[in-house]
Amino acid sequence: LTALSPEDSGAVGHGFIESLRAQGKEAVYLFSELDTNGDCHKLTRHLASECESAGVTFEYDCAVRGFRRDGKRWHVALEDGREVGAESVVLCGGTESPKIARALGLRLPMYPVKGYAVT
267 LTALSPEDSG AVGHGFIESL RAQGKEAVYL FSELDTNGDC HKLTRHLASE
317 CESAGVTFEY DCAVRGFRRD GKRWHVALED GREVGAESVV LCGGTESPKI
367 ARALGLRLPM YPVKGYAVT
């Protein structure tokens, strides 16, 4: 495993580096010669299967109307009128995630990097 500076990595554009530095942040890129490409679809299907085995429930193709916190429990209002309760919620809103997080009082910085989001 090799640590590279942003300038040495060639992985991102200078705009991303400048944006991080303007916020007082730095980045280190890790490189491994053993690293390779993966099948995102296969990875996410396997991850979902493992999560379901651990008791996680997924709600697909549904719009979220709002969130409410009651102690340690979340209540998620869905557009179809249902309410789902959970101890934890994973936000998977793609490019809308920062907007959704902001409504919850959270800041979720996302920067596009060669088709991927760095958060």
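Under my numbering, the first residue of the sequence shown carries the number 267, and numbering increases by one thereafter. Using N, Cα and C, we set each Cβ at its ideal position, and we do this for glycine too.
Problem - Whole-number beta carbon distance between residue 329 and residue 309, since they are thought to touch under 8 Å - result: Contact between residue 309 and residue 329 does not hold, since the beta-carbon distance rounds to 26 Å and is not under 8 Å.
**Q.** Where residue 360 sits in the DSSP three-state scheme
**A.** The answer is helix: DSSP assigns residue 360 an H, G or I state.
I need the straight-line Cα distance from residue 384 to residue 360, nearest angstrom please.
Any reading at residue 384 must be qualified, since the residue scores a pLDDT of 49, below 50, and its modelled position is unreliable; the value itself is stated next. The C-alpha of residue 384 lies about 11 Å from the C-alpha of residue 360.
Closest by C-alpha distance to residue 356, when choosing among 340, 299, 348 and 319:
From the listed residues 340, 299, 348 and 319, the smallest Cα separation to residue 356 is found for 340.
Report task. Reducing DSSP to helix, strand and coil, say where residue 311 ends up. Result -> Residue state, collapsed to three classes: helix.
By the three-class DSSP mapping on this structure, what secondary structure does residue 384 have?
For residue 384, the predicted model reports a pLDDT of 49, less than 50, meaning its position is unreliable; a value from the coordinates is still stated below. Residue 384: strand per DSSP, three-state reduction.
List the DSSP bridge partners of residue 336. According to DSSP, which records beta bridges pairwise, residue 336 is partnered with 339.
For this session: Consult DSSP for residue 288 and reduce its assignment to one of helix, strand or coil.
Result: It is helical.
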